[in-house]
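Asker:
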Amino acid sequence: HVPGIPLETELDPVGAGDSVSAAIVATLCGGFSHIEAAQVGNLVASVTVTKIGTTGTASHAEVIERFGEI
3 HVPGIPLETE
13 LDPVGAGDSV
23 SAAIVATLCG
33 GFSHIEAAQV
43 GNLVASVTVT
53 KIGTTGTASH
63 AEVIERFGEI
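Take the sequence shown: its position 59, counted from the start at 1, is 61 in the numbering used here, and no numbers get skipped.
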């Protein structure tokens, strides 16, 4: 089990599944473990769900910023 990332803002789940899947695949292709891939997937999706009304993709800078918040 990999815990989610708590968010205290308005959320829109559109695009979250695509974001988490892409992040997991990219992380696994980078040679990281399944646990690390799930953690990165959660991190990326936590950015995506804060983009209201879009299928917003998390940028590298946004993911790094969110990582600094947790």
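Built from N, CA and C at the ideal position, the CB exists for glycine as well.
Put Glu64 into one of helix, strand or coil per three-state DSSP.
Answerer: In this structure, Glu64 counts as helix in the three-state DSSP scheme.
Asker: Please report the residue range of the alpha helix (DSSP H) in which His36 lies.
Answerer: His36 -> alpha helix (DSSP H) spans 36-50.
Asker: Output the boundary residues of the alpha helix (DSSP H) element that contains Leu30.
Answerer: It spans 18-31 - the alpha helix (DSSP H) in which Leu30 sits, taken as one unbroken run.
Asker: I'd like the list of long-range same chain contacts for Thr50, defined as Cβ closer than 6 Å, with 5 residues on each side in sequence excluded.
Answerer: Cβ neighbours of Thr50 beyond the five flanking positions: Gly17, Ala18, Ser21, Gly58, Ala60.
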